[in-house]
Amino acid sequence: MADAVVEYILSQCVAIFTKLRCKKTDRMITVANIHALFGEYKKMDITVMQIAAAVRELTKLNGPDNQPYVLCGDFNQYIDMPGYHVAQNGTLTENEKESLRVYPKVTVEKEEMNVVDIVPECFQHSASDITSSYREILGEEPKMTYNGHCDPSGALDFICFFNGARHWVVFGFRK
Numbered sequence: 059m060a061d062a063v064v065e066y067i068l069s070q071c072v073a074i075f076t077k078l079r080c081k082k083t084d085r086m087i088t089v090a091n092i093h094a095l096f097g098e099y100k101k102m103d104i105t106v107m108q109i110a111a112a113v114r115e116l117t118k119l120n121g122p123d124n125q126p127y128v129l130c131g132d133f134n135q136y137i138d139m140p141g142y143h144v145a146q147n148g149t150l151t152e153n154e155k156e157s158l159r160v161y162p163k164v165t166v167e168k169e170e171m172n173v174v175d176i177v178p179e180c181f182q183h184s185a186s187d188i189t190s191s192y193r194e195i196l197g198e199e200p201k202m203t204y205n206g207h208c209d210p211s212g213a214l215d216f217i218c219f220f221n222g223a224r225h226w227v228v229f230g231f232r233k
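Going by this note's numbering, 193 is the number at position 135 of the sequence shown; the sequence numbering is gapless.
Here you go:
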């Protein structure tokens, strides 16, 4: 990958991954918590890549044994944004790809290109059976899931579960 691409995509992202074992049943669950790049949405393409990478890494860490796993955290995405869609569906629509082409281009072999076109595989994952815990429990995504650091018109923080983890995920939700 060209140095310009690497330099562009290197941004802060915190993701913590762990495997937990239930003492009672000896069953395992893999959990990841992500804090994706915000930056006032100036690099939405990078945020989407971080979310897709977190899902890929989570499924890789989970391994072939098909144990349940959970992804939670601050996605910095509203439900109509590409990062939310890629987390839920594993890929972007053509319209979402086009919306990411407005972000800065990088020069690769003297040609200006968008990251979504240079490394399209970084904007997808192959996990399946992804469900929002909020939608499963409340019947919809929450109106707000953060506290005062930005526009309170929608949810930015999500909890998704996979591979039957709905039997593991128990939270206290407030509407």
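Beta carbons: idealized from backbone N, C-alpha and C, even for Gly.
Beta-carbon proximity list for residue 143, same chain, < 8 Å, skipping 5 on both sides: Taken in chain order, the residues that qualify are 150, 151 and 154.
Cut-off 6 Å between Cβ atoms - residues of its own chain near residue 117, not counting five sequence neighbours on either side: The beta carbon of residue 117 is closer than 6 Å to those of 185 in its chain, skipping five residues each way along the sequence.
Beta carbon of residue 93 nearer than 7 Å to that of residue 64: Cβ distance not < 7 Å, so residue 93 and residue 64 don't count as in contact.
The region 75-91 touching the region 121-134, judged by at least three CB pairs closer than 8 Å: Yes, they touch.
Residue 197 in three-state terms, based on DSSP: Coil.
Exposed unless 16 or more other CB atoms sit within 10 angstroms - verdict on residue 103: It counts as buried.
Nearest to residue 158 (by Cα), restricted to the options 171, 115 and 121: Answer by Cα proximity: 171.
Buried or exposed (CB count within 10 angstroms, at least 16 for buried), residue 99: Exposed, because fewer than 16 other Cβ atoms sit within 10 Å of the Cβ of residue 99.
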